[in-house]
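I have placed the structure first, in the form of structure tokens, so that the comments after it can refer back to it.
Residue numbers (UniProt numbering), protein chains in the order written: chain A, 1 to 364; chain B, 1 to 364.
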């Protein structure tokens, strides 16, 4: 067999449909991710513009607006919800704490603005269902911001698997960890507050990466989960999952062994073992890193080093490309709802020690 | 901090006590592993000699004796059990199918010959307990042949963890797989026959590598397990675990996410994520491979490439060194019995879907 991996086109935008156009974004929530990752990514994109910034504080919004070219309006959350400056933006990017996604989705749907919503979709399955339903009922395009799905290394991995080049996938290992309280040295941060983060701190924020990336490359969904969660250190008393280990049995038979931690060395890897080969991506889940893709078949190993690609630029341009060409963006609400159901099952499995089934997604 | 990894002494025999002496082995069971791995390893060792070969067939025994220098006696199983040629060997290496270890251990114990017994120790917990008891009752030294425990890369990994260089271990990923029916193209082989292999084909034969290596580098024991086992392909109808995924919660809190398969790409890796660093060994569990050890702390990565070390030579010399210096060899029966209990729990967890406790080892 011939293993095809076109090196020169490794980072190609296989999804691209449109040739021109611009989508002006309202950015809702101005934490470090928005300021340091999303806004520079939009600034360097092909189809997107930073247009409106929305924060709890008018001073902060004004300051962020001053720091970024092209921003025409700085709004408070209240002003946004009241419908201020609707003509100044074409779509919204929601990056508030998990439990505060829904009200901005509802407002955007009311205003007829397509929604790019950060993952996880909301703080609970019930609220995530409301996100999906309000978009479905109003015909509002909804994409959940799984940046791995537009990462070229992950898309090439999916193509290799689809082509059968590693045989049938058998087992997946995935891991993502960081020392959260070193990265953000504040014990009162929202990720450690169940009222804002939802079920927990680690599976919701980090474990979702191996979970969703596995679903994406396999084109499969989890049917049952097992999990072990533990919190021991200072600062993690209100969440069950300082450290999380969980296993997903997927509907194609593949088993995903995943771990994540908010109190460990910053690290990430993703590996698929198949009947005839193996693929390792490492590092994989953090942005702005040189990627290494290792592909094995029999005794032969190929290693591809991929320069950093701005994942957020890819993600924003993909979403804009869909809007500009009247295509439905993916990951859609139904896809993301399956993640939320799997995550809820993981927390239940962690609490009970039992295997917990995951309700299949129904077409919305 | 200074990360110490003495490159020139990477393969040093930190266990070495004796300076001279010879241990003559009776090799019981003459499958390909004995002929192609064990006997050449003994031939190239410092302290060991091939002396007696024992097989079901006198022709096969004679043929193997002819092919290897120094072998003085070729015996049938019956002749060995009858006590023939006891003066010609000092210790036994038992490498029969799992369910046939016990009678040869009992005979060796009766003859006062130290035992190196392949892993897993026997086909069931009950029979493994009999192995341990008969050696304890007669004062016979017993070592179970976990060759990873004398692999220099694994020993250096344990030292790095013990020194605290990756902080506290948090999570371990381990995997071992091979296409068994390609490696040994015989559907009637003993590893697929529950009467000879015991609980199953994959956890018993391959899963035991990440399981035991995790215990060894952590110096910890499993307290509970979860598992997902499946058999789908032709040839695997009599065993539950063509593919196996299992998780061990250890008594130090570390969780081990392990997978193994007898019907997948030949592959192996072992990874420890700690609060302050990460170690990856890959490839790790197959003999005669160049090893790569990757150690990360913060943003710094060190990669060490280790030339192949003959694991079996290391293991035989370690065992002989213990015997020649009147030291107790490790892994001992109590250590190996914990593996057997963990493995039995994994098969039970695979059948029930529940979390199953592992009975702690008691000092023999």
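By construction, the Cβ of each residue, glycine as well, lies at the ideal position given by its N, Cα and C atoms.
### Task
Could I get the ranges of all uninterrupted beta strand (DSSP E) runs contained in the segment 26-55 of chain B, with 3 residues as the minimum, in chain order?
48-55
### Query
Can you check whether the CB of residue 355 of chain B is closer than 8 Å to the CB of residue 261 of chain B?
Taking the first residue of the second chain as 1, we reach residue 261 of chain B at position 261. Taking the first residue of the second chain as 1, we reach residue 355 of chain B at position 355. The answer is no: Cβ separation not under 8 Å.
### Query
Cβ of residue 245 of chain B less than 8 Å from any chain A Cβ?
Locating residue 245 of chain B in the second chain gives position 245, counting from the first residue. By this cut-off, residue 245 of chain B is an interface position.
### Query
If you count every other CB in all the chains shown that lies within 10 Å of the CB of residue 115 of chain B, and 16 or more means buried, which is it?
Start at 1 with the first residue of the second chain, and residue 115 of chain B comes out as number 115. With 16 or more Cβ atoms within 10 Å of its Cβ, residue 115 of chain B is classed as buried.
### Message
Whole angstroms are fine: how far does the CA of residue 62 of chain B sit from the CA of residue 88 of chain B?
### Response
Here the question's residue 88 of chain B lines up with position 88 in the second chain. Here the question's residue 62 of chain B lines up with position 62 in the second chain. Cα-Cα distance, rounded: 16 Å.
### Closer than 8 Å to chain B by CB, residue 239 of chain A
Within the first chain, residue 239 of chain A is the residue found at index 239, counting from 1. Chain B contact via Cβ: absent.
#### Entry: DSSP-derived helix/strand/coil call for residue 324 of chain A
By 1-based counting over the first chain, the position of residue 324 of chain A is 324. The three-state secondary structure of residue 324 of chain A, taken from DSSP, is helix.
#### Entry: Rounded straight-line distance, which links the Cα of residue 8 of chain A to that of residue 79 of chain A
Reading the first chain from its first residue, position 79 is the one you call residue 79 of chain A. Reading the first chain from its first residue, position 8 is the one you call residue 8 of chain A. Taking the straight line from one Cα to the other gives about 47 Å.
#### Entry: Burial state of residue 346 of chain B, where buried means 16 or more other Cβ atoms lie within 10 Å
Position 346 of the second chain, counted from the first residue, corresponds to residue 346 of chain B. Answer is buried; the Cβ neighbour count reaches 16.
### Message
I want to verify the contact list: residues of chain A whose CB lies under 8 Å from the CB of residue 325 of chain B, in sequence order.
### Response
Within the second chain, residue 325 of chain B is the residue found at index 325, counting from 1. Within 8 Å Cβ-Cβ: nothing; residue 325 of chain B doesn't reach chain A, min ~39 Å.
#### Entry: Start and end residues, beta strand (DSSP E) containing residue 263 of chain B
Here residue 263 of chain B is taken as the residue at index 263 of the second chain, counted from 1. Note, residue 263 of chain B: beta strand (DSSP E), 263-274.
### Exposure label - residue 12 of chain A; buried when at least 16 CB within 10 Å
Indexing the first chain from 1 puts residue 12 of chain A at position 12. Result: exposed.
### Query
For a contact meaning CB atoms closer than 7 Å, what does residue 164 of chain A contact in chain B?
The residue labelled residue 164 of chain A in the question sits at position 164 within the first chain. Here the premise fails: no neighbours, minimum Cβ distance about 13 Å.
### Message
Ignoring anything shorter than 3 residues, give me the beta strand (DSSP E) runs that lie fully in the UniProt domain "GFO/IDH/MocA-like oxidoreductase" (154-279) of chain A, in order along the chain.
### Response
169-179, 222-230, 243-250, 255-261, 263-274
### Message
Less than 8 Å between the beta carbons of residue 306 of chain B and residue 153 of chain B, yes or no?
### Response
Within the second chain, residue 306 of chain B is the residue found at index 306, counting from 1. Within the second chain, residue 153 of chain B is the residue found at index 153, counting from 1. It is a contact, given that the beta carbons lie within the stated cut-off.
### Task
Measure the alpha-carbon distance for residue 235 of chain A versus residue 192 of chain A and round it to whole angstroms.
Reading the first chain from its first residue, position 235 is the one you call residue 235 of chain A. Reading the first chain from its first residue, position 192 is the one you call residue 192 of chain A. Rounded to whole angstroms, residue 235 of chain A to residue 192 of chain A spans 8 Å at the Cα level.
### Query
Do the segment 98-113 of chain A and the segment 181-199 of chain A touch if we need at least three Cβ pairs shorter than 8 Å?
With a cut-off of 8 Å, the segment 181-199 of chain A and the segment 98-113 of chain A count as touching, because enough Cβ pairs lie within range.
### Query
Does residue 296 of chain A get closer than 8 Å to chain B when you measure Cβ to Cβ?
Your numbering for residue 296 of chain A matches position 296 in the first chain. Yes, because at least one Cβ of chain B sits closer than 8 Å to the Cβ of residue 296 of chain A.
### Task
Please state whether DSSP places residue 365 of chain B in a helix, a strand or coil.
Outside the displayed span of chain B (1 to 364) sits residue 365 of chain B, for which this structure offers no information.
#### Entry: Which listed residue (B:244, B:82, B:39) has its alpha carbon closest to that of residue 349 of chain B
Stepping through the second chain from its first residue, residue 349 of chain B is reached at position 349. Selected option, being the one with the closest Cα: B:244.
### Minimum C-alpha distance to residue 35 of chain A - residue among A:50, A:168, A:4
Within the first chain, the letter at position 35 stands for residue 35 of chain A. Minimum Cα distance to residue 35 of chain A is reached at A:50.
### Query
Looking at chain B, which residues of the segment 127-158 of chain A have a Cβ within less than 9 Å of any of its Cβ atoms?
Correct list: empty, as no residue qualifies.
### Query
Do you know offhand how far residue 298 of chain B's Cα is from residue 263 of chain A's?
Here residue 298 of chain B is taken as the residue at index 298 of the second chain, counted from 1. Here residue 263 of chain A is taken as the residue at index 263 of the first chain, counted from 1. Roughly 13 Å separates the two Cα atoms.
#### Entry: Selection from B:214, B:32, B:233, B:207 that minimises the alpha carbon distance to residue 227 of chain B
As a first step, residue 227 of chain B must be located in the second chain, where it is residue number 227. It is B:207.
### Query
On the three-pair Cβ rule with 8 Å, is the segment 270-277 of chain A touching the segment 155-170 of chain A?
yes
### Message
Rounding to the nearest angstrom, what Cα-Cα distance links residue 112 of chain A and residue 290 of chain A in this structure?
### Response
Stepping through the first chain from its first residue, residue 112 of chain A is reached at position 112. Stepping through the first chain from its first residue, residue 290 of chain A is reached at position 290. Distance between the alpha carbons of residue 112 of chain A and residue 290 of chain A is about 38 Å.
### Query
Candidates A:198, A:150, A:159, A:210: which alpha carbon is nearest residue 176 of chain A's?
In the first chain, counting from the first residue as 1, residue 176 of chain A sits at position 176. Minimum Cα distance to residue 176 of chain A is reached at A:210.
### Task
Determine the burial state of residue 16 of chain B: buried for a count of at least 16 other Cβ atoms within 10 Å of its Cβ, exposed for fewer.
The residue you call residue 16 of chain B lines up with position 16 of the second chain. Exposed, because fewer than 16 other Cβ atoms sit within 10 Å of the Cβ of residue 16 of chain B.
#### Entry: is_contact[residue 259 of chain A, chain C] using C-beta, thresh 8 Å
Included in the structure are the protein chains A and B, with no chain C among them.
### Task
Could you tell me whether the Cβ atoms of residue 19 of chain A and residue 310 of chain A are closer together than 8 Å?
Indexing the first chain from 1 puts residue 19 of chain A at position 19. Indexing the first chain from 1 puts residue 310 of chain A at position 310. No. Outside cutoff.
### Task
Could you say which of A:318, A:151, A:31 lies nearest to residue 46 of chain A if we only look at CA atoms?
Taking the first chain and counting its residues from 1, the one referred to as residue 46 of chain A is at position 46. Checking every option, the nearest Cα to that of residue 46 of chain A belongs to A:318.
### Message
For a test of the three-state rule: what should DSSP assign to residue 356 of chain B, helix, strand or coil?
### Response
Within the second chain, the letter at position 356 stands for residue 356 of chain B. Correct three-state label for residue 356 of chain B: strand.
### Message
Would you say residue 355 of chain A lies against chain B (beta-carbon separation less than 8 Å)?
### Response
Within the first chain, the letter at position 355 stands for residue 355 of chain A. So, interface residue.
### Task
With a cut-off of 8 Å on the beta carbons, I'd call residue 328 of chain A and residue 141 of chain A a contact; round off their distance for me.
Mapped onto the first chain, residue 328 of chain A falls at position 328. Mapped onto the first chain, residue 141 of chain A falls at position 141. Taking 8 Å as the upper bound for CB-CB distance, residue 328 of chain A and residue 141 of chain A are in contact here, some 7 Å apart.
### Task
Tell me, please, whether the CB atom of residue 274 of chain A is closer than 8 Å to any CB atom in chain B?
What you label residue 274 of chain A is simply residue 274 of the first chain in a count that begins at 1. Interface residue, yes.
### Alpha carbon of residue 364 of chain B to alpha carbon of residue 28 of chain B, nearest angstrom
Sequence index remark: in the second chain, residue 364 of chain B carries index 364 (1-based). Sequence index remark: in the second chain, residue 28 of chain B carries index 28 (1-based). Residue placement at residue 364 of chain B cannot be trusted, given a pLDDT of 43 that sits under 50; the coordinates are not used to answer.
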